[in-house]
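There are 2 protein chains.
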Amino acid sequence: MEAQLQELKKTDKEIQLLVHTAALLQWDQETGMPAGAVEERSDQLALLEGMIHDRLTAPRVGELLKKVMEKFGTPGFSMLEVDENAPIFFEKAFLRSFGRNYERAAKLPRRWVTEMAQKSSRAQAAWVEARRNDNFPEFQPHLEELLRLTMEKAEILGYPEHPYDALLDEFEPEMRTGEVARVFNELQAKLKPLVGQIAAKEPVDDSFRYRTYPADTQREFSSRILREMGYDFDRGRLDESAHPFTTSLGGKDVRVTTRYNEQDLFNALFGSIHEGGHALYEMGIDENYHGSVLGEGTSLGIHESQSRTWENLIGRSVEFWNHYFPVLKKDYFPEQLSDIDLEHFIRGVNKVEPSLIRINADELTYSLHVILRFELEVALVSGDLKVRDLPAAWNEGMKRLLGVTPDSDAKGVLQDVHWSMGAIGYFPTYALGNLFGAQFFKVLREDIPEVDREIARGKLRAVREWQGENIHRYGSSLTATELCGKISGEDLNPEYFIQYLEKKFGNLNDL
Amino acid sequence: MEAQLQELKKTDKEIQLLVHTAALLQWDQETGMPAGAVEERSDQLALLEGMIHDRLTAPRVGELLKKVMEKFGTPGFSMLEVDENAPIFFEKAFLRSFGRNYERAAKLPRRWVTEMAQKSSRAQAAWVEARRNDNFPEFQPHLEELLRLTMEKAEILGYPEHPYDALLDEFEPEMRTGEVARVFNELQAKLKPLVGQIAAKEPVDDSFRYRTYPADTQREFSSRILREMGYDFDRGRLDESAHPFTTSLGGKDVRVTTRYNEQDLFNALFGSIHEGGHALYEMGIDENYHGSVLGEGTSLGIHESQSRTWENLIGRSVEFWNHYFPVLKKDYFPEQLSDIDLEHFIRGVNKVEPSLIRINADELTYSLHVILRFELEVALVSGDLKVRDLPAAWNEGMKRLLGVTPDSDAKGVLQDVHWSMGAIGYFPTYALGNLFGAQFFKVLREDIPEVDREIARGKLRAVREWQGENIHRYGSSLTATELCGKISGEDLNPEYFIQYLEKKFGNLNDL
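Structure, rendered in structure tokens:
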């Protein structure tokens, strides 16, 4: 029994070493790999991914899991019922996560995996072209193929209520389509009038952000904020890449990237804070989980809650800039910001404007972009929407939710890479992150009543310590739902995010 | 038959992908990995090295090789007898190299490999301490253990004449101890009087090299020279590391590193040119060999011939600086070099002075440092010298060969890392590189009579093209001995290196 568990842990450790090695191959590809290396790099990645899959789905793993599970109980138990200080806590959480990964991977036949890899590789190339040419029909047959494979995947994996549950489960374990629909409906109903109110006001002048800000100085300021957030440069690095990301190359090697746009102060600034939020999560995981399947964030939604809390709830707050704006203006960009005062800056940082592109959207409208994608994905997977009708449905949804209509598919249905990668079920996690983040932050404020004063003095440690104690250290030993219940005493509730937005944008009007 | 060959090639390709992935893990560790990652990184490397070893020594590989070899003939054939334009050329060369690697790896039992890995890891830590404390006895028991394991290795692998043959063979395939002794004896006999003559003259003033040279400007000049040598930045990168190196992460990803010392102009300058010479070799290998065992340099000696040709024969030549000194002075360091003329600079670049440390030695005395290490290694492996007597033997040898005696073991027998890694048999390749380099360069001069004039105009392309055509493209399909015979029509002959030195240092006296 003990020997069988040890063998599983050893397999898991090897898998994690390979996962982290593959992460280095990818990190290097994004940050500085010479162009000529791209072909062999993809062979290297394919080999490693194959080895990871083979180790995870080896028949021996299935046998071992079956035997060990008989002792430990079947998956489906709640980790909240287990004493987290008992040694059994790790074992049970480990078996739940590892078993879950095994189940999903072992169910999918190699034929399906290979076909998906090939078709999504071609679909990505087609998407790049279609977007460049603003020509959806070029992408349509590829997306139809990926949708067919995705629907096949849902049937192979099985699902409790809706086929979309099986897709969601990959990114947000144990989250259900019905649950997402419920919270998104509530959110949408509250957000739309709020957006309408603010859009009707005098437009905010944020033109100062588009002055010229040298990259080197931006880098220094990003590094400083990361350091003061608690990002540990002895266990990480800050580099540049076309698309910012955070990646773990080991429990003690959590790297972030950003992108410096000299004509836009906010890109790298909020990008760095966002990625820093992801990185604090990974850096804060219990060292005992390092090298195991538990040594990573528990879901994309919880991950996004950490990055968005830092980017928005903290990084766009009056308190934060109360401390950092004088620093930014005096020590970094005295010329560029000479005529800008704190109030002007904070309004610029929080400008709300319904727009076409999700990744450029403000804090208030962002979730509506996500809700549109969720609705369309569910309709596609249910068979209620055909791929060929997607552009029209997109434009109708943008009008309905945001009051704007794209003048091209390139700025509409073709804007995101996700579908071309076959990643259907991913988008909701972005908005779930907003909801989890606000729900957790409310508890944080109750636990640390002085937190706003601390932030206003540039003291960010209390936030990170609270997050570390309540969220980070658990890695993936608790699911998102368990974490949410443990922290807030209730299920996911969009009310907190809405209250936060109403209060914040109400107050900003009084500035 | 064809199927068996294909299976071997597929295994080889996987091994190369893993070798290149491991190279990335190492490159990253040397260039920018966060300090905290060191422990997991060594686990990642150990896992990959284990997988490479397991793939190479799988019983199936032995069976396949046996069957295929029956058709293709046993190893030991000369590739010079095979038409290099026939398809069979690749197959025969592939089987020879792959079979050779299999034989060596399969003979060594896992017990030995594990013990060597553990003991050398401890020995390296002990060496660092012993060197710091200038205390050889701290290192002695570790070196005794490594020597025991090394002698055991020689017996396991077998050898034609001398146990040292088996060690040399790892770094310089098919080179014999007797051959090295013959050329080193001749070299030594000629070098000693030459060094004596020059050392007796007025010392050269090279104090200008120790002025302050900002790293950024050094980086720009290093990059420029690399580019003009023909180093392709679309297939490589220049980074910084404590010890400069070149590494292949793929056939189209050959990276170099250097180290900028702001108080010494020559460190990064000649370091970059040296590594550039290694990189041109790897970048020049026939694309058909990429991803196979043939897609790398054929031996350390030939590799070193390429780096030393660029560093010394070209990079320290009157012709090279005739073009580059005005550029360096005008565009890069006008203040630092304001009072230095071309003649002064060239004398500084070629200053000869017997000294204690190999890696700082000049072109003339360098080989004598290597000859000492070779003599001591052979004596140790033969049992003629005990490890405890090594410091005395070292100091005696330094006095005899170079006329200087270390005032500490830290600057003597403890200066190099190699023995602490168990790398006995490696050192000779450094001096063999000087000999191969001069022998090849003589042929290059005959083939391209205008080469010196080209270099003096800053045109380096002709050199690289000749090297590409005659050396680089062959990868490891020809052995060092075959290459040497094919290019120069004779065996390795130290006479050419000696003639080069006599002519160069004779002429420098006339400057």
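Chains as they are written, first to last, in the numbering used here: chain A, 497 to 1007; chain B, 497 to 1007.
For each residue, glycine too, the CB sits at the ideal point set by N, CA and C.
Keep in mind that this is a model prediction, so the values were computed, not measured.
Could you tell me which residues DSSP puts in a beta bridge with S744/B? According to the DSSP secondary-structure assignment, S744/B is paired through a beta bridge with V750/B.
Below 9 Å on C-beta distance, what does K748/B contact in chain A? Going along chain A in sequence order, the residues near K748/B (Cβ under 9 Å) are P530, A531, G532, A533, V534, E535 and E536.
7 Å CB neighbourhood of F568/B in its chain, flanking five on each side removed: For F568/B, where only same-chain residues beyond five positions count, the Cβ hits under 7 Å are E587, K588 and L591.
What residues of chain A sit near Q525/B, judged by a beta carbon separation below 8 Å? Result: empty, since nearest Cβ-Cβ is about 10 Å, beyond 8 Å.
By the DSSP assignment, the alpha helix (DSSP H) with D539/B in it spans what residues? Where D539/B is concerned, the enclosing alpha helix (DSSP H) stretches over V534 to L552.
Count the C-beta pairs between the segment 647-659 of chain B and the segment 603-611 of chain B that are closer than 8 Å, then say yes if the count reaches three, no if not. Contact holds: three or more Cβ-Cβ distances are below 8 Å.
Is the segment 950-957 of chain B touching the segment 721-732 of chain B in the sense that three or more CB pairs, one from each, lie closer than 8 Å? Because the criterion of three Cβ pairs below 8 Å is met, the segment 721-732 of chain B and the segment 950-957 of chain B touch.
Please name the residues in the segment 770-796 of chain B whose beta-carbon is closer than 8 Å to at least one beta-carbon of chain A, in chain order. For chain A, the residues of the segment 770-796 of chain B that bring a beta carbon within less than 8 Å of one of its beta carbons are H786 and G787, in chain order.
Verify the CB distance criterion: does G732/B have a CB-CB separation below 8 Å to chain A? The Cβ of G732/B sits closer than 8 Å to at least one Cβ of chain A.
Inspect the beta-carbon positions of S744/B and E792/B and report whether they are closer than 8 Å. Taking a C-beta distance under 8 Å as the contact criterion, S744/B and E792/B qualify as a contact pair.
Measure from the alpha carbon of Q935/A to the alpha carbon of each residue in F993/A, V883/A and R953/A, then state which is nearest. It is F993/A whose Cα lies nearest to the Cα of Q935/A.
Would you call the CB atoms of G532/B and R628/A closer than 8 Å? In terms of Cβ geometry, G532/B and R628/A do not form a close pair [threshold 8 Å].
Using a C-beta to C-beta distance shorter than 7 Å, which residues of chain A count as neighbours of E831/B? Correct list: empty, because the minimum Cβ distance to chain A is about 24 Å.
Reference E668/B; option with closest CA among F923/B, E965/B and I967/B: Of F923/B, E965/B and I967/B, the residue nearest in Cα terms is F923/B.
Would you mind stating whether V874/B and Y660/B have Cβ atoms separated by less than 8 Å? By the CB criterion at 8 Å, V874/B and Y660/B fall inside the cutoff.
From the DSSP output, which residues share a beta bridge with L734/B? DSSP output for L734/B lists V752/B as bridge partner(s).
Which residues, in order along the segment 638-669 of chain B, keep a beta-carbon less than 9 Å from a beta-carbon of chain A? Near chain A, meaning a CB-to-CB distance below 9 Å, no residue of the segment 638-669 of chain B qualifies.
So, is the C-beta of L988/B closer than 8 Å to a C-beta in chain A? Taking Cβ atoms only, chain A never reaches closer than 8 Å to L988/B, which makes this a no.
Can you round the beta-carbon distance between L514/B and M547/B to whole angstroms, since I take them to be within the 8 Å contact cut? In this structure L514/B touches M547/B by the C-beta definition: roughly 6 Å separates them, less than 8 Å.
Are G844/A and F704/A closer than 8 Å when you measure CB to CB? Yes, Cβ-Cβ distance for G844/A and F704/A is below 8 Å.
If I follow the unbroken alpha helix (DSSP H) through N763/B, where does it start and stop? L761 to M779 is the extent of the alpha helix (DSSP H) around N763/B.
If you scan the segment 623-706 of chain A from start to end, which runs of the alpha helix (DSSP H) of 4 or more residues do you find wholly inside it? Inside the segment 623-706 of chain A, DSSP marks whole alpha helix (DSSP H) runs of 4 or more residues at positions 632-653, 659-667 and 673-695, from first to last along the chain.
I'd like the list of long-range same chain contacts for A889/A, defined as Cβ closer than 8 Å, with 5 residues on each side in sequence excluded. Excluding sequence neighbours, A889/A sits near L872, A875 and L881.
Assuming K506/B is part of the alpha helix (DSSP H), what are its boundary residues? Run containing K506/B: E498 to T527, per the alpha helix (DSSP H) assignment.
What would DSSP say about N966/A, mapped onto helix, strand or coil? Reduced to three states, the DSSP call for N966/A is helix.
N818/B, DSSP secondary structure in three states: Residue state, collapsed to three classes: helix.
Three-state secondary structure (DSSP) of N757/A: Collapsing the DSSP output to three states places N757/A in coil.
With respect to the alpha helix (DSSP H) encompassing G929/B, which residues constitute its N-terminal and C-terminal limits? Looking at the DSSP string, the run of the alpha helix (DSSP H) that includes G929/B is P924 to D943.
At the 8 Å Cβ level, is Q693/B part of the contact set with chain A, yes or no? No, no contact with chain A.
Does the segment 731-742 of chain B come within contact of the segment 683-703 of chain B, defined as at least 3 CB pairs closer than 8 Å? Because the criterion of three Cβ pairs below 8 Å is not met, the segment 731-742 of chain B and the segment 683-703 of chain B do not touch.
Applying a beta-carbon distance threshold of less than 8 Å, which residues of chain B neighbour L513/A? Scanning chain B for C-beta atoms nearer than 8 Å to the C-beta of L513/A yields E536, D539, Q540 and L543, reported in chain order.
Once DSSP output is grouped into helix, strand and coil, what is the label at E792/B? Residue state, collapsed to three classes: coil.
Taking 8 Å as the threshold (C-beta atoms), are I781/B and G747/B in contact? Taking 8 Å as the Cβ cut-off, G747/B and I781/B qualify as a contacting pair.
If you draw a straight line from the C-alpha of S916/B to the C-alpha of D905/B, how long is it? Taking the straight line from one Cα to the other gives about 15 Å.
Mark L576/B as exposed unless 16 or more other C-beta atoms lie within 10 angstroms of its C-beta, in which case mark it buried. Exposed is the call here.
Please state the DSSP three-state secondary structure of Q620/B. Looking at Q620/B - three-state DSSP - the assignment turns out to be helix.
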